[in-house]
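Participant: Residue numbers (our numbering): 180 to 641.
For each residue, glycine too, the CB sits at the ideal point set by N, CA and C.
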Ligand code: AMP
Ligand code: ZN
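So, in structure tokens, the structure goes:
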């Protein structure tokens with residue numbers, strides 16, 4: 180079955196075709212580790228995880244790389260404003276290295292709780308200074324750089340296709356933009372290497388032929404993606420905020436340095452998690468919720484994952500506690516359904532083939548997870564399908580959903596509870612509702628609840 184993905188480069192859904200047969204190189208822009216990752220960041224990582232799982236479901240072998248920005252990312256996407264790492268270190272009275280290590284571990288833990296599969300390679304910007312400098316030198320040799328005020332800049336006027344991804348109108352922007360950096364020759368030029376002239380209290384500094392300093396933000400992704408995925412690769416992702424600057428600059432410097440076009444075949448971007456209309460969750464504004472807050476309020480972290488699956492990745496997703504309640508309830512319902520499938524065999528004769536086809540049709544239509552969930556609920560309601568088959572198929576689907584449905588096991592029901600269940604069933608058959616209710620209460624006091632389903636009563640732990 181064909182897999183179609185929306186490519187930001189062409190603004191179209193395209194049939195996916197990898198560079199190497201059956202293998203996919205995937206790069207996702209990762210966290211800037213100066214603070215906890217927020218639920219918005221996690222939405223993007225869940226989107227990338229679903230993409231990766233969908234590729235695997237389609238029998239591709241995926242090599243997934245994710246970077247950790249532990250140096251060089253300023254508060255503004257342009258090259259002005261405070262250094263994010265320094266900001267975190269000052270706030271916490273730690274060294275930038277300690278801050279980076281602490282938040283790197285924190286983000287990995289959160290991703291684990293959301294059942295996001297770890298990338299094949301996590302790569303830190305600070306471990307790849309040599310590769311970044313090598314790329315800057317390549318750009319210098321090819322005439323794409325200039326030095327001004329102690330910094331090395333990428334000269335965007337030398338790269339004819341600058342702004343292709345973002346469909347930037349450079350002329351119009353040039354007139355509208357108020358330039359804050361007098362050293363820039365063109366408004367969109369960006370720094371490849373800062374020297375100490377920019378921030379005197381910058382702790383992270385490396386020697387280079389350009390002077391002691393540190394890399395600009397964008398060069399790390401180009402250098403590391405090239406190192407691990409080669410000079411051109413299949414898919415590059417992040418959220419939509421990365422389109423106009425970070426990814427636009429990654430394309431310019433990579434295509435200029437490597438003389439390849441296109442450097443990346445498919446660019447995919449997830450929409451934001453928003454707190455209210457148009458108000459995106461962000462680290463720098465301080466307005467953010469972490470996964471820990473969700474857990475502390477009593478939610479299963481996978482309920483947040485379920486919540487994200489309910490909206491297509493290219494649509495904004497509005498966060499609310501009411502929506503989290505609905506997601507938690509739906510997830511619980513799904514988990515209880517799994518128990519029901521395990522405990523109540525039925526006589527259904529139909530196969531799950533049409534549901535498998537519809538499920539794959541949904542995920543292969545640019546990761547339409549809301550549609551995929553609808554297919555699952557439809558299958559679960561279908562009385563003509565054998566519960567054993569439903570269970571097997573559901574676990575197959577869960578390879579993409581990642582809701583850990585395989586961890587739900589049959590309850591080991593004590594004999595006392597089993598006997599009470601049978602007595603209640605007997606009472607119900609005789610329409611002795613009073614006795615049936617009394618037994619239900621007794622079961623409740625023992626920590627069990629009973630739900631009467633079309634295929635009979637199902638007992639659950641409360
Ligand atoms: P950062 O740690 O800020 O560098 O961001 C890490 C990833 O999260 C990047 O791919 C961002 O584009 C993405 N991101 C940032 N804010 C949001 C948001 N509110 N919703 C979804 N993704 C976001
Ligand atoms: Zn990046």
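Residue 400: beta carbon under 6 Å from a heavy atom of the ligand ZN?
Facilitator: By one-based count along the chain shown, residue 400 stands at place 221. Yes.
Participant: Taking contact to mean 3 or more Cβ pairs, one atom from each stretch, closer than 8 Å, check whether the stretch 473 to 491 and the stretch 236 to 246 are in contact.
Facilitator: Taking 8 Å as the limit for Cβ pairs, the verdict is that the stretch 236 to 246 does not touch the stretch 473 to 491.
Participant: I need the boundaries of the alpha helix (DSSP H) containing residue 605, first residue and last residue.
Facilitator: The count along the chain shown starts at 1 and reaches residue 605 at position 426. 594 to 608 is the span of the alpha helix (DSSP H), which, as asked, contains residue 605.
Participant: Touch check for the stretch 267 to 282 and the stretch 196 to 214: three-plus C-beta pairs under 8 Å?
Facilitator: Contact holds: three or more Cβ-Cβ distances are below 8 Å.
Participant: Scan the stretch 486 to 535 and note each continuous alpha helix (DSSP H) run of 4 residues or more that stays entirely inside, going in chain order.
Facilitator: Runs found: 500 to 522.
Participant: Cβ of residue 421 within 6 Å of any heavy atom in the ligand AMP?
Facilitator: Start at 1 with the first residue of the chain shown, and residue 421 comes out as number 242. Within the cutoff, so yes.
Participant: Helix or strand or just coil, what does DSSP make of residue 442?
Facilitator: Position 263 of the chain shown, counted from the start, is the residue given in the question as residue 442. Coil at residue 442, not helix or strand.
Participant: Determine the direct distance from the alpha carbon of residue 485 to that of residue 331, and round the result to whole angstroms.
Facilitator: One-based indexing of the chain shown puts residue 331 at position 152. One-based indexing of the chain shown puts residue 485 at position 306. Those two C-alpha atoms are separated by around 45 Å.
Participant: Is residue 302 near the ligand MG, going by C-beta to nearest heavy atom under 6 Å?
Facilitator: Looking for the ligand MG in the displayed structure turns up nothing; the ligands present are the ligand AMP and the ligand ZN.
Participant: What are the partner residues of residue 327, as DSSP defines its beta bridges?
Facilitator: Here residue 327 refers to the residue found at position 148 of the chain shown. Answer by DSSP bridge pairing, in chain order: 330.
Participant: Using alpha carbons as the reference points, say which of 313, 328, 334 and 329 lies closest to residue 322.
Facilitator: Start at 1 with the first residue of the chain shown, and residue 322 comes out as number 143. When only C-alpha atoms are compared, the closest one is 334.
Participant: Please determine, among 617, 219 and 597, the residue with the shortest C-alpha to C-alpha distance to residue 417.
Facilitator: The sequence position of residue 417 within the chain shown is 238, counting from 1. With distances taken between Cα atoms, residue 417 lies closest to 219.
Participant: Evaluate residue 501 with the Cβ neighbour count: other Cβ atoms within 10 Å of its Cβ, from every protein chain shown; 16 or more gives buried, anything less gives exposed.
Facilitator: One-based indexing of the chain shown puts residue 501 at position 322. Residue 501 comes out exposed.
Participant: So who's on the other strand from residue 418, going by DSSP bridges?
Facilitator: As a position in the chain shown, residue 418 is number 239, starting the count at 1. According to DSSP, residue 418 bridges with 449.
Participant: Can you give the Cα-Cα distance for residue 300 and residue 406, rounded to whole angstroms?
Facilitator: Walking along the chain shown from the start, residue 300 turns up at place 121. Walking along the chain shown from the start, residue 406 turns up at place 227. Going from the Cα of residue 300 to the Cα of residue 406 covers about 11 Å.
Participant: To the nearest angstrom, how far is it from the Cα of residue 438 to the Cα of residue 370?
Facilitator: Translated into the one-based positions of the chain shown, residue 438 becomes position 259. Translated into the one-based positions of the chain shown, residue 370 becomes position 191. Approximately 20 Å between the Cα atoms of the pair.
Participant: Would you mind stating whether residue 520 and residue 588 have Cβ atoms separated by less than 7 Å?
Facilitator: As a working note, residue 520 is residue 341 in the chain shown. As a working note, residue 588 is residue 409 in the chain shown. For residue 520 and residue 588, no; Cβs fall outside 7 Å.
Participant: On the criterion of 16 or more Cβ atoms from any shown chain inside 10 Å, does residue 625 qualify as buried, or is it exposed?
Facilitator: The residue you call residue 625 lines up with position 446 of the chain shown. Exposed, since its Cβ has fewer than 16 Cβ neighbours within 10 Å.
Participant: Taking residue 197 as the reference, give the member of 221, 639 and 242 with the closest Cα.
Facilitator: For the purposes of this step, residue 197 is taken as the residue at position 18 of the chain shown. When only C-alpha atoms are compared, the closest one is 242.
Participant: Measure from the alpha carbon of residue 431 to the alpha carbon of each residue in 446, 340, 349 and 480, then state which is nearest.
Facilitator: Working through the chain shown from its first residue, we reach residue 431 at position 252. The shortest C-alpha separation from residue 431 is found at 340.
Participant: Residue 219 lies in the beta strand (DSSP E); which residues open and close that run?
Facilitator: Translated into positions along the chain shown, residue 219 becomes position 40. Where residue 219 is concerned, there is no enclosing beta strand (DSSP E), although the alpha helix (DSSP H) it sits in stretches over 218 to 236.
Participant: Going by DSSP, what residues sit across from residue 183 in a beta bridge?
Facilitator: Within the chain shown, numbered from 1, the residue matching residue 183 stands at position 4. Residue 183 pairs with 194 and 544.
Participant: Taking only three categories from DSSP, how would you classify residue 556?
Facilitator: Counted from its first residue, the chain shown places residue 556 at position 377. In the structure shown, residue 556 sits in a helix (DSSP, three-state: H, G or I).
Participant: Could you check if residue 208 belongs to the surroundings of the ligand ZN, using beta carbon to heavy atom distance under 6 Å?
Facilitator: The sequence position of residue 208 within the chain shown is 29, counting from 1. Yes, since a heavy atom of the ligand ZN falls inside the 6 Å radius drawn around the Cβ of residue 208.
Participant: Could you check which residue in 459, 428, 481 and 436 has the C-alpha nearest to that of residue 582?
Facilitator: Residue numbering aside, residue 582 sits at position 403 when the chain shown is read from its first letter. When each option's Cα is compared against that of residue 582, the closest is 481.
Participant: Excluding the 5 residues flanking residue 592 on each side, which residues of the same chain have their C-beta closer than 7 Å to its C-beta?
Facilitator: Position 413 of the chain shown, counted from the first residue, corresponds to residue 592. The answer, listed in chain order, is 638.
Participant: Contact defined as beta carbons within less than 8 Å: I believe residue 394 pairs with residue 304. What is the distance between those atoms, to the nearest angstrom?
Facilitator: As a working note, residue 394 is residue 215 in the chain shown. As a working note, residue 304 is residue 125 in the chain shown. Rounded, the Cβ-Cβ distance is 7 Å, consistent with contact.
Participant: Hey, residue 607 and residue 629 are a contact pair by Cβ (cut 8 Å); roughly how many whole angstroms apart?
Facilitator: Translated into positions along the chain shown, residue 607 becomes position 428. Translated into positions along the chain shown, residue 629 becomes position 450. No, residue 607 and residue 629 are not in contact; Cβ-Cβ is about 10 Å, not under 8 Å.
Participant: Mapping DSSP to helix, strand and coil, what is residue 383?
Facilitator: In the chain shown, counting from the first residue as 1, residue 383 sits at position 204. The answer is coil: DSSP assigns residue 383 none of H, G, I, E or B.
Participant: Residue 317 to residue 436, Cα distance in whole Å?
Facilitator: Residue mapping note: residue 317 aligns to position 138 of the chain shown, counting from 1. Residue mapping note: residue 436 aligns to position 257 of the chain shown, counting from 1. The alpha-carbon atoms of residue 317 and residue 436 are separated by roughly 6 Å.
Participant: Who are the Cβ neighbours of residue 268 in its own chain at under 7 Å, not counting the five residues just before and after it?
Facilitator: Position 89 of the chain shown, counted from the start, is the residue given in the question as residue 268. Correct list, in chain order: 274, 275 and 278.
Participant: Looking only at its own chain, which residues have a Cβ that is under 6 Å from the Cβ of residue 373, when we skip the five neighbours before and after it?
Facilitator: Residue numbering aside, residue 373 sits at position 194 when the chain shown is read from its first letter. The answer, listed in chain order, is 330, 392 and 393.
Participant: Can you tell me which of the three DSSP states residue 616 falls into?
Facilitator: Here residue 616 refers to the residue found at position 437 when the chain shown is read from its first residue. Helix at residue 616.
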